[in-house]
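A.B. asks: Just so you know, we're using our numbering here: the sequence shown kicks off at 185 and counts up by one.
Pasting a structure below so you can have a look.
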Amino acid sequence: MTKVVVIGAGLGGVSAAFELKQRLPADSEVMVINERPDFQFVPSNPWVALGERKTKDICLPLDTYLSKRKIAFSAAGVSAIDPDNKLLTLGDGTQQSYDYLVICTGPKLNFDAIPGSGPHNFTQSICTAEHAEKAFEAYQQLQQSPGPVIVGAFQGASCFGPAYEYLFSLDSALRAAKIRQKVPLLFVTSEPYIGHMGLGGVGDSKGLMEHECRKRDIKWICNAKTVKVDDGVMHVEELNRKGEVEFTHELPFKMSMMLPPFKGSPAIAAVPKLCNDKGFVLTDTYQRSVAYPDIYAAGVCVALPPMEATPVPVGVPKTGFMIESMTTAIVDNMLSAIKGEAPKTIPTLNAICLADMGDKGAAFVALPQNPPRNANWTSMGKWVHLAKIAFEKYFMYKVRRGTSEPIYEKYVLGAVGIHRTEKGDD
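Structural data, given as structure tokens:
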């Protein structure tokens, strides 16, 4: 009997758990350990932050849907990992053994890297449903007392799509409320140019994003390193291509939403040889830990090198489809390990991002994520807005049904050349 424990229950964790239960031998045990009792559909947080969704609309009780598939669950979190003895210590002090471990913890939000940042200080966030709720409160206050707004991503951030999504959706919401003329919008980003996305650009993302900002009268500052945030003032250094400070800015704001840099979960980062210096798990091409072959990792917690050197550090995003491709590769390779065979499957790491803009949306497709690419394009239109809504409903359906990849998803994406995995070299 094989015992598999999945740490984390976000997009990657629930996908891994359902696929493991579906494909592993019938006598296998699968357990999920999370730090909270509910699943949150994080891509919908920008809507929560603008009052278009409630938290209850994008959260599901994990125990309810995991138990239907006979998957054990604990919301105690993990405080320590002993990889030599294959033993976990949970937050409630209990211990749990495993044969294979799948780490899908996502990131810790490193607001401490920028003094004065974060919802407990002077900037808002949309990284969790709770943060998005607080951001909605700030938005309601802005409606009552309009003023300048700063949106963007701090240095070291690795997920830029939600910042653009929030920026353009906020612009649409302010126009609908007839107060846009009272709210100057400024986009402050660590990216070297608008539309870089941590991917070195996707198709004509630079031109399209700049055009959209100009059309909506949104100013921007790139290569931005935020020194600190005070109440109502953001202190920013703007670097040139050599990484030298070219300008300094003291930017006033009434409200600000800035995405933070990420770091690894403390319990994961504490394991010797498991992670890099930022606490992200070092894996081989088969999603196995380099140091511990019985440990796998998927999602934001995985260490991926930057796409290119930039004046201000930017990370590499891990989109939903990319994360699901990692989990499918993990299940394939774990099945091989159980049979005593060498791993064969590697994730395609295709980057697919749907960003809502309120009145329309932008789609970014990079196949694969790293250039040179087989497909590399960006498109805008009302269809993306509708597709983002459909994706939310579809993924929540997958969680309720306990399935990782319905057959129609496999064939529809396959028909346009998008696949989760490929075979590695023998």
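Note that beta-carbon positions come from the ideal geometry of N, C-alpha and C, so glycine has one too.
Go ahead and label E508 buried or exposed: buried means 16 or more other beta carbons lie within 10 angstroms of its beta carbon, across all protein chains shown.
C.D. replies: The residue given as residue 508 occupies position 324 in the sequence shown. That one is buried.
A.B. asks: Closest by CA to F437, which one among K366, V333, G463 and L383?
C.D. replies: Indexing the sequence shown from 1 puts residue 437 at position 253. Ranking the options by Cα distance to F437, first place goes to V333.
A.B. asks: Using DSSP bridges, identify the partner residues of T562.
C.D. replies: One-based indexing of the sequence shown puts residue 562 at position 378. F548, per the DSSP bridge assignment.
A.B. asks: Between which two residues does the beta strand (DSSP E) containing C537 stretch?
C.D. replies: By 1-based counting over the sequence shown, the position of residue 537 is 353. Here the beta strand (DSSP E) through C537 covers A535 to D540.
A.B. asks: Starting from R472, follow its DSSP beta bridges and name the residues at the other end.
C.D. replies: If you number the sequence shown from 1, residue 472 lands on position 288. Y480.
A.B. asks: Please state if the CB of F320 and the CB of L351 are separated by a distance shorter than 8 Å.
C.D. replies: Along the sequence shown, read from residue 1 onward, the residue named residue 351 stands at position 167. Along the sequence shown, read from residue 1 onward, the residue named residue 320 stands at position 136. Cβ distance not < 8 Å, so L351 and F320 don't count as in contact.
A.B. asks: R400: which of V367, H419 and G385 sits nearest, CA to CA?
C.D. replies: Taking the first residue of the sequence shown as 1, we reach residue 400 at position 216. Among V367, H419 and G385, the Cα nearest to that of R400 belongs to V367.
A.B. asks: With three or more C-beta pairs closer than 8 Å as the rule, is the region 259-277 touching the region 461-470?
C.D. replies: At 8 Å Cβ cutoff, the stretches do not touch.
A.B. asks: Name the two residues that bound the continuous alpha helix (DSSP H) containing Y348.
C.D. replies: On the sequence shown, position 164 is the one that residue 348 refers to. Run containing Y348: G345 to A360, per the alpha helix (DSSP H) assignment.
A.B. asks: Does the pairing of the region 565-580 with the region 408-423 give three or more beta-carbon distances under 8 Å?
C.D. replies: Cβ pair count under 8 Å is below three, so no.
A.B. asks: Looking only at DSSP bridge pairs, what is G336 linked to?
C.D. replies: For the purposes of this step, residue 336 is taken as the residue at position 152 of the sequence shown. According to DSSP, which records beta bridges pairwise, G336 is partnered with V372 and M442.
A.B. asks: Thinking just about the alpha-carbon of each residue, which of R585, P555, G545 and N534 is nearest to the one in E606?
C.D. replies: Position 422 of the sequence shown, counting from 1, holds the residue named residue 606. Measuring from the Cα of E606, the nearest candidate turns out to be N534.
A.B. asks: Would you report the Cα separation of P303 and G290, rounded to the nearest angstrom?
C.D. replies: Mapped onto the sequence shown, residue 303 falls at position 119. Mapped onto the sequence shown, residue 290 falls at position 106. Cα to Cα, P303 sits roughly 19 Å from G290.
A.B. asks: Quick check: A482 and T511, are their CB atoms within less than 8 Å of each other?
C.D. replies: Walking along the sequence shown from the start, residue 482 turns up at place 298. Walking along the sequence shown from the start, residue 511 turns up at place 327. Yes, Cβ-Cβ distance for A482 and T511 is below 8 Å.
A.B. asks: If you run the structure through DSSP and keep just helix, strand and coil, what is Q308?
C.D. replies: Here the question's residue 308 lines up with position 124 in the sequence shown. Note: Q308 maps to strand in three-state DSSP.
A.B. asks: List the whole-angstrom C-beta distance separating T307 from V226, where the pair is believed to meet the contact cut-off of C-beta under 8 Å.
C.D. replies: Along the sequence shown, read from residue 1 onward, the residue named residue 307 stands at position 123. Along the sequence shown, read from residue 1 onward, the residue named residue 226 stands at position 42. So it is not a contact: roughly 18 Å between Cβ atoms.
A.B. asks: What's the gap between the Cα of P267 and the Cα of Y476?
C.D. replies: Counting from 1 along the sequence shown, the entry for residue 267 is found at position 83. Counting from 1 along the sequence shown, the entry for residue 476 is found at position 292. Straight-line Cα distance between these residues: approximately 7 Å.
A.B. asks: Ends of the beta strand (DSSP E) at D222?
C.D. replies: Reading the sequence shown from its first residue, position 38 is the one you call residue 222. That run of the beta strand (DSSP E) goes D222 to Q224.
A.B. asks: I'd like the span of the alpha helix (DSSP H) that includes Q280, first residue to last.
C.D. replies: The residue given as residue 280 occupies position 96 in the sequence shown. Note, Q280: premise wrong, no alpha helix (DSSP H); beta strand (DSSP E) at Q279 to S281.
A.B. asks: Tell me where the alpha helix (DSSP H) around D241 begins and ends.
C.D. replies: Against the sequence shown, residue 241 aligns to sequence position 57. Element bounds for D241: T239 to I242.
A.B. asks: When you compare only the Cα positions, how much space is there between Q339 and S440?
C.D. replies: In the sequence shown, counting from the first residue as 1, residue 339 sits at position 155. In the sequence shown, counting from the first residue as 1, residue 440 sits at position 256. Cα-Cα distance, rounded: 15 Å.
A.B. asks: For the beta strand (DSSP E) containing Y377, list its first residue and its last residue.
C.D. replies: Counted from its first residue, the sequence shown places residue 377 at position 193. Segment: none, Y377 is in no beta strand (DSSP E) and carries neither H nor E.
A.B. asks: State the CB to CB distance for the pair D540 and T529, rounded to an integer number of angstroms; the pair is presumed to be in contact (CB under 8 Å).
C.D. replies: For the purposes of this step, residue 540 is identified with residue 356 of the sequence shown, where counting begins at 1. For the purposes of this step, residue 529 is identified with residue 345 of the sequence shown, where counting begins at 1. D540 to T529, Cβ: 32 Å. No contact.
A.B. asks: Is Q206 near S563, with beta carbons less than 8 Å apart?
C.D. replies: Position 22 of the sequence shown, counted from the start, is the residue given in the question as residue 206. Position 379 of the sequence shown, counted from the start, is the residue given in the question as residue 563. Going by C-beta atoms, Q206 is not nearer than 8 Å to S563.
A.B. asks: Please tell me whether T186 and D283 are closer than 8 Å, where the distance is taken between their beta carbons.
C.D. replies: Position 2 of the sequence shown, counted from the first residue, corresponds to residue 186. Position 99 of the sequence shown, counted from the first residue, corresponds to residue 283. Yes. Within cutoff.
A.B. asks: Which value, in whole angstroms, describes the spacing of the CA atoms of A526 and V232?
C.D. replies: Within the sequence shown, residue 526 is the residue found at index 342, counting from 1. Within the sequence shown, residue 232 is the residue found at index 48, counting from 1. If you take the alpha carbons of A526 and V232, they lie about 45 Å apart.
A.B. asks: What would DSSP say about V411, mapped onto helix, strand or coil?
C.D. replies: Taking the first residue of the sequence shown as 1, we reach residue 411 at position 227. Three-state DSSP puts V411 in a strand.
A.B. asks: Considering only residues of the same chain and omitting the five flanking positions on each side of S301, which have a CB-CB separation below 6 Å?
C.D. replies: On the sequence shown, residue 301 is found 117 positions in, with the first residue counted as 1. Contacts found: F295, T307 and V413.
A.B. asks: Does G326 come out as helix, strand or coil in the three-state DSSP assignment?
C.D. replies: Start at 1 with the first residue of the sequence shown, and residue 326 comes out as number 142. One detail in the question is off: residue 326 reads as Leu in this sequence, not Gly. If DSSP states are grouped into helix, strand and coil, L326 belongs with the helices.
A.B. asks: Are three or more beta carbon pairs between the region 543-558 and the region 213-220 nearer than 8 Å?
C.D. replies: Touching, no, given that fewer than three Cβ pairs across the two stretches are closer than 8 Å.
A.B. asks: Output yes or no for whether 8 Å exceeds the beta carbon distance between L354 and L234.
C.D. replies: If you number the sequence shown from 1, residue 354 lands on position 170. If you number the sequence shown from 1, residue 234 lands on position 50. For L354 and L234, yes; Cβs fall inside 8 Å.
A.B. asks: Assign D516 to one of three DSSP states: helix, strand, or coil.
C.D. replies: In the sequence shown, the residue the question calls residue 516 occupies position 332. In this structure, D516 counts as helix in the three-state DSSP scheme.
A.B. asks: Based on the DSSP output, what are the partners of H419 in its beta bridges?
C.D. replies: One-based indexing of the sequence shown puts residue 419 at position 235. In the DSSP output, where bridge partners are listed per residue, H419 has K412 and E434.
A.B. asks: Nearest to Y249 by CA position, among A201, H395 and P450, is which residue?
C.D. replies: As a working mapping, residue 249 is identified with position 65 in the sequence shown. Nearest option by C-alpha distance: A201.
A.B. asks: Is P495 buried or exposed, if buried means 16 or more other CB atoms sit within 10 Å of its CB?
C.D. replies: Looking up residue 495 in the sequence shown gives position 311. Burial call: buried.
A.B. asks: DSSP three-state label for A454, please.
C.D. replies: By 1-based counting over the sequence shown, the position of residue 454 is 270. Here A454 sits in coil by DSSP.
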